[in-house]
Amino acid sequence: MTSFPSPLITLTTDFGNRDGYAAAMKGAILTVCPGARIIDITHEIDAHDVAQASQVLASATPYYPPDTIHVVVVDPGVGSDRQPLLLLTPDAGFVGPDNGVFTEVLKRLGKPVVPTIQVDAIVDHPGQTHRATLPADCTAYVIDHEDLWRQPVSQTFHGRDVFGPVAGRLGAGVAPDRIGTAIEYVEVLPDQSVRRQQGRIDGTVVSVDRFGNLVTNIRLARSAKVTNIEIAGSRISSLSTFYTEAAGLLAIVGSHGSVEIAWTQDSAARRLGVGVGTPVTVRGDL
Numbered sequence: 035m036t037s038f039p040s041p042l043i044t045l046t047t048d049f050g051n052r053d054g055y056a057a058a059m060k061g062a063i064l065t066v067c068p069g070a071r072i073i074d075i076t077h078e079i080d081a082h083d084v085a086q087a088s089q090v091l092a093s094a095t096p097y098y099p100p101d102t103i104h105v106v107v108v109d110p111g112v113g114s115d116r117q118p119l120l121l122l123t124p125d126a127g128f129v130g131p132d133n134g135v136f137t138e139v140l141k142r143l144g145k146p147v148v149p150t151i152q153v154d155a156i157v158d159h160p161g162q163t164h165r166a167t168l169p170a171d172c173t174a175y176v177i178d179h180e181d182l183w184r185q186p187v188s189q190t191f192h193g194r195d196v197f198g199p200v201a202g203r204l205g206a207g208v209a210p211d212r213i214g215t216a217i218e219y220v221e222v223l224p225d226q227s228v229r230r231q232q233g234r235i236d237g238t239v240v241s242v243d244r245f246g247n248l249v250t251n252i253r254l255a256r257s258a259k260v261t262n263i264e265i266a267g268s269r270i271s272s273l274s275t276f277y278t279e280a281a282g283l284l285a286i287v288g289s290h291g292s293v294e295i296a297w298t299q300d301s302a303a304r305r306l307g308v309g310v311g312t313p314v315t316v317r318g319d320l
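Position 22 of the sequence shown, counted from 1, bears residue number 56 in the numbering used here, the numbering being contiguous throughout.
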């Protein structure tokens, strides 16, 4: 990565904003890289929800300038033998736990990085991950050069003592091979597969936003001729172009190109009583 006088570093965590955890991590970054510009993507990921963090990261990070460093701390395995990871893609650097949180970032590069796993395996075993080979244009390092960490290291706060300082040092120009040891594999979440056949796509809800919209893994062009969308026993006859176009339950292609199920001025998740892992079927000229 290129070093800049004022490197851009983003933060995505499940810390929330009430306590001082996010502020402490920012202080650790600025201690080693005083010129860093720090941007909060969010600190409101649901506690320990690695899959949600993966979705949020993939939806936000493509809009940042090249060489931005993205730090993610959603780390239910902190203090265990899970590895701290530095991932370099063609456009950015990512620092965080090797627990599957970078799955969607890797998938957006257009590479199949995980084996096909049944959707119900995700629902029944939300912490399950699989080892996958890195795409050819990515590199990864286990962050194992402890002399670059903040000392002493807390077993419960690697965001402040490991990930933050490493991101700061990377932004200050420290070479990746000075930060860790190169590896060929990373942990990824089970593939939430989309199954396509003539006139039909089967997918699943992969996240629920703060408005209660159900975001699916089905990507469609806005010009797709949809005749039927099914979710939780309910049917929607066509795509809407904006959230208030229809009263009640509706479907829309959201800003990131995925089908979303919404309820006009209300929560579709609450109205339908569903959430992540719920099957969705789209039919039409797709």
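C-beta atoms are modelled at their ideal positions from N, C-alpha and C, and glycine is treated no differently.
*Curious, which full-length beta strand (DSSP E) runs of at least 3 residues does the segment 162-215 contain?*
The beta strand (DSSP E) runs lying completely inside the segment 162-215 and spanning 3 residues or more are 164-167, 173-176, given in chain order.
*asked:* With H, G and I counted as helix, E and B as strand and the rest as coil, what does DSSP make of Thr315?
replied: For the purposes of this step, residue 315 is identified with residue 281 of the sequence shown, where counting begins at 1. Here Thr315 sits in strand by DSSP.
_Please return the same chain residues whose Cβ sits closer than 6 Å to the Cβ of Asp74, not counting the five positions on each side in sequence._
Position 40 of the sequence shown, counting from 1, holds the residue named residue 74. So the list reads Leu45, once near-sequence residues are dropped.
_Anticipated Cβ contact below 8 Å, Ser292 with Val239, distance rounded_ = One-based indexing of the sequence shown puts residue 292 at position 258. One-based indexing of the sequence shown puts residue 239 at position 205. Contact flag wrong, Cβ pair sits at about 10 Å.
*Backbone secondary structure at Glu12 - three-state DSSP*: Missing from the structure shown is residue 12; the chain here goes from 35 to 320 and no further.
*Determine the DSSP secondary structure at Ser292, reduced to helix, strand or coil.*
Here residue 292 refers to the residue found at position 258 when the sequence shown is read from its first residue. Strand, per DSSP.
*Would you kindly work out how many angstroms separate the C-alpha atoms of Phe191 and Thr215, rounded to a whole number?*
Mapped onto the sequence shown, residue 191 falls at position 157. Mapped onto the sequence shown, residue 215 falls at position 181. Between Phe191 and Thr215, the C-alpha separation is close to 22 Å.
*DSSP-derived helix/strand/coil call for Leu248*: Locating residue 248 in the sequence shown gives position 214, where the first residue counts as 1. DSSP places Leu248 in strand when its eight states are reduced to three.
*asked:* Quick check on the DSSP output: what are the complete beta strand (DSSP E) runs of length 3 or more inside the segment 58-128, in order along the chain?
replied: Those beta strand (DSSP E) runs which fall completely within the segment 58-128 and span 3+ residues are 71-76, 102-107, 118-122.
*So the alpha helix (DSSP H) Thr137 belongs to, where does it begin and stop?*
In the sequence shown, counting from the first residue as 1, residue 137 sits at position 103. From DSSP, the alpha helix (DSSP H) with Thr137 extends over 137-141.
*Check Leu284 in the structure and name its three-state DSSP category.*
On the sequence shown, residue 284 is found 250 positions in, with the first residue counted as 1. Note: Leu284 maps to strand in three-state DSSP.
_Quick test of your reading: Gly193 and Ile43, contact by CB under 8 Å. State the CB separation rounded to the nearest angstrom._
Within the sequence shown, numbered from 1, the residue matching residue 193 stands at position 159. Within the sequence shown, numbered from 1, the residue matching residue 43 stands at position 9. 12 Å between Cβ atoms; not a contact.
*Within the same chain, show all residues whose beta-carbon is closer than 8 Å to that of Gly322, passing over the 5 residues directly before and after it, in chain order.*
The question about residue 322 has no answer here: the residues shown for the chain are numbered 35 through 320.
*asked:* Can you find the residues in the same chain that come closer than 8 Å, C-beta to C-beta, to Ser268, ignoring five residues on each side of it along the sequence?
replied: The residue you call residue 268 lines up with position 234 of the sequence shown. Counting only Cβ-Cβ distances below 8 Å, and skipping sequence neighbours, we find Leu283, Leu306.
*Give the DSSP-derived three-state secondary structure of Arg269 in the structure shown.*
On the sequence shown, residue 269 is found 235 positions in, with the first residue counted as 1. Residue state, collapsed to three classes: strand.
*Under the DSSP definition of a beta bridge, which residues are partnered with Asp231?*
Along the sequence shown, read from residue 1 onward, the residue named residue 231 stands at position 197. According to the sequence shown, residue 231 is Gln rather than Asp. Beta-bridge pairing links Gln231 to Arg234.
*Does the separation of the CB atoms of Asp48 and His104 fall below 8 Å?*
Your numbering for residue 48 matches position 14 in the sequence shown. Your numbering for residue 104 matches position 70 in the sequence shown. Contact: no.
_Rounded straight-line distance, which links the Cα of Arg230 to that of Gly318_ = For this step, residue 318 is matched to residue 284 along the sequence shown. For this step, residue 230 is matched to residue 196 along the sequence shown. In a straight line, the C-alpha of Gly318 is about 12 Å away from that of Arg230.
*Can you list, in chain order, the residues of its chain whose CB lies under 7 Å from that of Ala302, leaving out five sequence neighbours each side?*
The residue labelled residue 302 in the question sits at position 268 within the sequence shown. Here the set comprises Gly246, Asn247, Leu248, Leu283, Ile295, Ala296.
*With respect to the alpha helix (DSSP H) encompassing Leu45, which residues constitute its N-terminal and C-terminal limits?*
The residue you call residue 45 lines up with position 11 of the sequence shown. Premise fails: Leu45 lies in the beta strand (DSSP E), 42-47, not in any alpha helix (DSSP H).
*Pair within 8 Å by beta-carbon distance, Leu119 and Cys172*: Position 85 of the sequence shown, counted from the start, is the residue given in the question as residue 119. Position 138 of the sequence shown, counted from the start, is the residue given in the question as residue 172. The answer is no: Cβ separation not under 8 Å.
*What residue does the beta strand (DSSP E) around Glu221 start on, and which one ends it?*
Position 187 of the sequence shown, counting from 1, holds the residue named residue 221. Element bounds for Glu221: 219-222.
*Under 8 Å between the Cβ atoms of Val287 and Leu254?*
Position 253 of the sequence shown, counted from the start, is the residue given in the question as residue 287. Position 220 of the sequence shown, counted from the start, is the residue given in the question as residue 254. Cβ distance < 8 Å, so Val287 and Leu254 count as in contact.
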